[in-house]
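One structure below.
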DNA sequence: TATTGTTATACTCTATAACTATA
DNA sequence: TATAGTTATAGAGTATAACAATA
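Protein chains in written order, with my numbering: chain A, 1 to 146; chain B, 1001 to 1146.
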């Protein structure tokens, strides 16, 4: 046993948390990817569709996906070729192209949204869920906003 | 990767957990990537180094990274060209190449390992950490093993 | 001049299939 | 024949820089 002033246990569990969060992140991402693949979407494509809650300029899409604007061109090209999204020149400013979902795009969007919700069960009781939410929010506050 | 925004109201805590875990996963991955980039490593390169706790056949590396063996060739090529890892033909079976860290590779490995540990604080007390570990483990059990 | 989006370029990661060398 | 690893190929994502159109 060590002196109480040096939180040995805390260090041990800190590492454990890092490992668990890492594992959870990995599996969660893998889950999302496989679910997206079922819809014939890559991760970034699914993310783009999920963020398209209203007509959005390409630049804003890049902002939400946190990637360079030049990438969005390619991702949108592929989605547009499948008829899921559409580029529309903004009336007031012809430099801007707004991205909108097609009818089929909206159908896919609903299925994408359902993916995260399907994770919900998590085998936790209501009170466990509340507590987990609290702790996750606190843990989140320790990470850079990115 | 998924939604950035956290709902202000939440009675539906299951969905909220899905969003929080999603957000945590996203930020955690982003954090790991930027930290790895500081070491001039990509995510997969850092992951490979992290898993190299002993001489490991290429095939086992692929297993640990959960990717096809053909990918490992390229990742290892790049690490080897930087002198971080080394391929060694196994004495007993000349088909097998075991991957080992060089001295410099071990130094980098220690820095990679430190990344996850640095996440440890998480601004949680000891008991909060214990509880979070419990809940994370339970939540993990709901996800496919991948 | 500044901004929006695209194109050109170059890398990394990904899987599948064909190939080699060993067993 | 079977296994370990590589190579060939092709597609997707990433960023930087240069560019056109528009403001």
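Beta carbons: idealized from backbone N, C-alpha and C, even for Gly.
Please read all numbers here as calculations on a predicted model, not as lab measurements.
Same chain, Cβ closer than 6 angstroms to residue i, five either side skipped, listed in chain order
i: residue 956 of chain B; result: Here chain B comprises residues numbered 1001 to 1146, so residue 956 of chain B is not present and cannot be evaluated.
i: residue 4 of chain A; result: Residue confidence is low: residue 4 of chain A scores 32 on pLDDT, short of 50, so the model does not pin down where it sits. No coordinate-derived value is stated.
i: residue 77 of chain A; result: none
i: residue 72 of chain A; result: 58, 61, 62
i: residue 1126 of chain B; result: none
8 angstroms Cβ shell around residue i - same chain, five flanking residues per side excluded
i: residue 11 of chain A; result: Low confidence applies to residue 11 of chain A: its pLDDT is 47, below 50, so where it sits in the model is not reliable enough to give any reading.
i: residue 37 of chain A; result: none
i: residue 79 of chain A; result: 45, 48, 49, 85, 105
i: residue 102 of chain A; result: 83, 84, 85, 86
i: residue 1090 of chain B; result: 1057, 1096, 1097, 1098
Listed by chain order, chain B residues near residue i by CB distance under 8 angstroms
i: residue 41 of chain A; result: Those do not exist, as residue 41 of chain A stays about 12 angstroms from chain B at its closest Cβ, beyond 8 angstroms.
i: residue 135 of chain A; result: 1124, 1128, 1131, 1132, 1135
Residue i: CB within 8 angstroms of a non-hydrogen atom of the ligand NAD
i: residue 1047 of chain B; result: Annotation note on the ligand NAD: not contained in the displayed structure, which lists no ligands.
Contact set between residue i and chain A, taken where Cβ atoms lie within less than 7 angstroms
i: residue 1048 of chain B; result: The contacting residues do not exist; residue 1048 of chain B stays about 14 angstroms from chain A at best.
Sequence-distant residues of its chain with Cβ nearer than 7 angstroms to residue i (five each side left out)
i: residue 1104 of chain B; result: 1083, 1084
i: residue 1064 of chain B; result: 1051
i: residue 108 of chain A; result: 39, 49, 84
i: residue 1069 of chain B; result: 1058, 1059, 1062
i: residue 1067 of chain B; result: none
i: residue 33 of chain A; result: 43
i: residue 1075 of chain B; result: 1044, 1045, 1048
i: residue 1111 of chain B; result: 1039
Residue j beta carbon less than 9 angstroms from that of residue i
i: residue 132 of chain A; j: residue 1124 of chain B; result: no
i: residue 1029 of chain B; j: residue 29 of chain A; result: yes
Count Cβ pairs between the stretch 88–107 of chain A and the stretch 52–62 of chain A that sit closer than 8 angstroms; are there 3 or more? The stretch 88–107 of chain A makes contact with the stretch 52–62 of chain A: 3 or more CB pairs, one atom from each, lie closer than 8 angstroms.
Taking one C-beta from the stretch 1032–1052 of chain B and one from the stretch 1075–1088 of chain B each time, how about it: are there three or more such pairs within less than 8 angstroms? Taking a contact to require three or more Cβ pairs closer than 8 angstroms, the stretch 1032–1052 of chain B and the stretch 1075–1088 of chain B qualify as touching.
Please give the ranges of any alpha helix (DSSP H) in the stretch 50–92 of chain A, keeping only runs that are unbroken, at least 4 residues long and fully inside the region. Correct list: 58–65, 69–81.
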